[in-house]
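Novice:
Numbering (mature numbering (1 follows the signal peptide of the UniProt record, and there is no 0)), first residue to last: -18 to -1, 1 to 470.
#1: Could you check the C-alpha separation between residue 110 and residue 116 for me, to the nearest Å?
#2: Assuming contact is defined by CB atoms lying nearer than 8 Å, are residue 120 and residue 184 in contact in what I supplied?
#3: Any C-beta of chain C sitting closer than 8 Å to the C-beta of residue 27?
#4: Can you tell which of 165, 466, 386 and 287 has the C-alpha that lies nearest to the C-alpha of residue 479?
#5: Roughly how many angstroms lie between the CA atoms of residue 70 and residue 383, to the nearest whole one?
#6: Could you pull out every unbroken beta strand (DSSP E) segment of at least 3 residues lying fully inside the region 172 to 244, listed in chain order?
#7: Do you know how far the Cα of residue 123 is from the Cα of residue 162?
#8: Report the three-state DSSP secondary structure of residue 286 (helix, strand or coil).
#9: Would you be able to state if there are at least three C-beta pairs under 8 Å between the region 404 to 412 and the region 424 to 440?
#10: Residue 466 and residue 391 - do their beta-carbons sit closer together than 8 Å?
#11: What does DSSP give as the partner residues of residue 271 in its beta bridges?
#12: Measuring CB atoms only, is the region 200 to 214 touching the region 239 to 247, in the sense that at least three cross pairs come out at less than 8 Å?
#13: Going by DSSP, what residue range makes up the beta strand (DSSP E) through residue 103?
#14: Taking the alpha helix (DSSP H) that residue 262 belongs to, which residues open and close that run?
#15: Grouping DSSP H, G and I as helix and E and B as strand, with all else coil, what is residue 1?
#16: Can you tell me whether residue 3 is buried or exposed? The criterion is at least 16 other CB atoms within 10 Å of its CB, across all chains shown.
#17: Going by beta carbon distance, what residues of the same chain come within less than 7 Å of residue 323, once the five residues before and after it are set aside?
#18: Taking the beta strand (DSSP E) that residue 459 belongs to, which residues open and close that run?
#19: Since residue 239 and residue 225 should fall inside the 8 Å C-beta cutoff, what is the C-beta to C-beta distance between them, to a whole number of angstroms?
#20: Can you look up residue 49 in the DSSP assignment and give me helix, strand or coil?
#21: Nearest CA to the CA of residue 150: which residue from 307, 438 and 444?
#22: With residue 434 as the anchor, note down where its beta strand (DSSP E) starts and where it stops.
#23: Cutting at 8 Å between CB atoms, please list the residues of its own chain near residue 459, excluding the five before and the five after it.
#24: Specify whether the region 46 to 55 and the region 74 to 90 touch according to this definition: at least 3 beta carbon pairs, one from each stretch, less than 8 Å apart.
#25: Keeping to the same chain, check which residues put their C-beta closer than 7 Å to that of residue 429; ignore five residues upstream and five downstream.
#26: So, at 6 Å on beta carbons, what are the nonlocal neighbours of residue 381 in its own chain, with the 5 sequence-adjacent residues on each side left out?
#27: Starting from the Cα of residue 158, find the closest Cα among 114, 43 and 177 and give me that residue.
#28: If contacts are defined as beta-carbon pairs under 8 Å, then residue 235 and residue 219 qualify, I think. What distance do you get, rounded to the angstrom?
#29: Answer yes or no: the CB of residue 61 versus the heavy atoms of the ligand GDP, is any distance below 7 Å?
#30: Using 10 angstroms around the beta-carbon of residue 187, count the other beta-carbons present and answer buried if the total reaches 16, otherwise exposed.
#31: If I measure Cβ to Cβ from residue 203 and keep anything under 7 Å in the same chain, skipping five residues before and after, which residues do I get?
#32: Closest to residue 130 by CA distance: which of 341, 181 and 174 is it?
#33: Do you know whose CA, among 25, 46 and 38, lies nearest residue 81's CA?
#34: Hey, out of 107, 190 and 332, whose CA is closest to residue 464's CA?
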């Protein structure tokens, strides 16, 4: 790969210029992250003919907004501030091959829409939405201190018609494990396109709900007709047993997972009391649902259809966790007054994501737990009363499986997931033929992670962007704003 940076070396009288050779600067692929200065954005290597205790190296950063960067550091060197479009480091050099990691500390005014430019190359900028041990501003401990959460997982995001980004996720207070646990649905908002994020608050809490045992795995959508933001989440059974042990033929909170919705009419600032829609979605009077133990959301993001129908992607788990697992839809045709569910997709799957195509049909893409390690795609023209399998170029999923996200922007579909055998290599791919074939894509973060992501369309200054909220490890969530035209 060509050098992403231009590096020049400045030598003292005791060191001849020929002592250093073979300089290589290779980007790691990781974004520079606001609020973190410990993420290597490039690797610098060169050969030295002799040892030197202090060698000066100069990094050319022309094209980077100087106000976006506090300083750069190379290995353990002191943080070098930007002066005259450059940063100069003093580092020890050993005879032979030398390797240093390059780090960037960004300013508070750095923007996710303004990448670092070094020698004509671009390094994307990400913002932090959640971080380890972050305090929840509306939850206090008995001693009066704000309660903090050890972990955060399972993101969902929308942009409202007013331009507010509303992000939801699990607040996993005590550990990173799934329901049942001390989990609530958290929310953070951004009014500047993802550059900065509000303190975390609670959108849905299980404390006031019958049964307890946590509520999470949220999905989110916005109704453009009234700017109402809806969140749907799953509450663990009263008995405390795992969700996968939910029973068929009942909506009893002691026997199966419970499905709740809540809404916000003020850009995610405050939320309605959650409403239980388990009976509406599980439909016990319908023979089609006889083998449904639990139906719940995607997770991630839902959509509003052209006719106003609100749709969340869904998944169905069989009795006591046994087969069948299926993808499905949970939807409302009256702007959230009532909710119902589709028939199960007969092609398997679990966690799902959905888009509406230009012809009005819906494309449902699901995580597949058995057989080939590729995603499963189905299409419906009647809100899931019937399904047709769609053959596509393979969309890989990691060996331990993972959620994914899909989005439609104009005539382009965008897909996000870990594109490797493990949960790493977070990748955006695109399709211009309704999902039949997919591009190779771009890696937006190569590092190991928890793997879940969520997408929203953004348009700024006449350009289309994809907003990406994704998990780092089980505590960090990051946000990037990536131009649609960059996805190859």
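Backbone N, C-alpha and C fix where the C-beta goes; we use that ideal spot for every residue, glycine too.
Specialist: Looking at the coordinates:
#1: 11 Å
#2: yes
#3: Protein chain content of the structure displayed is limited to a single chain, and chain C is not contained in it.
#4: Missing from the structure shown is residue 479; the chain here goes from -18 to 470 and no further.
#5: 44 Å
#6: 183 to 186, 197 to 205 and 210 to 217
#7: 21 Å
#8: Of the three classes helix, strand and coil, the one that applies to residue 286 here is strand, per DSSP.
#9: Because the criterion of three Cβ pairs below 8 Å is met, the region 424 to 440 and the region 404 to 412 touch.
#10: yes
#11: Under DSSP, no beta-bridge partner is assigned to residue 271.
#12: The count of Cβ pairs closer than 8 Å, one atom from the region 200 to 214 and one from the region 239 to 247, reaches three, so the stretches are in contact.
#13: 103 to 105
#14: 260 to 264
#15: helix
#16: exposed
#17: Beyond the five residues adjoining it in sequence on each side, residue 323 comes within less than 7 Å, by CB distance, of 263, 265, 277, 296, 310, 311 and 312 in the same chain, given in chain order.
#18: 459 to 465
#19: Confirmed, about 5 Å.
#20: Residue 49: helix per DSSP, three-state reduction.
#21: 438
#22: From DSSP, residue 434 is part of no beta strand (DSSP E); its letter is neither H nor E.
#23: Excluding five sequence positions before and after residue 459, the CB atoms of its chain that fall closer than 8 Å to its own CB belong to 110, 111, 112, 134, 137, 149, 151, 451, 452 and 453, given in chain order.
#24: yes
#25: 12 and 406
#26: 403
#27: 114
#28: 6 Å
#29: No copy of the ligand GDP appears in this structure; indeed no ligand is present at all.
#30: Answer is buried; the Cβ neighbour count reaches 16.
#31: 140, 212, 283, 284, 285, 286, 292 and 294
#32: For residue 130, the nearest C-alpha among the options comes from 181.
#33: 25
#34: 107
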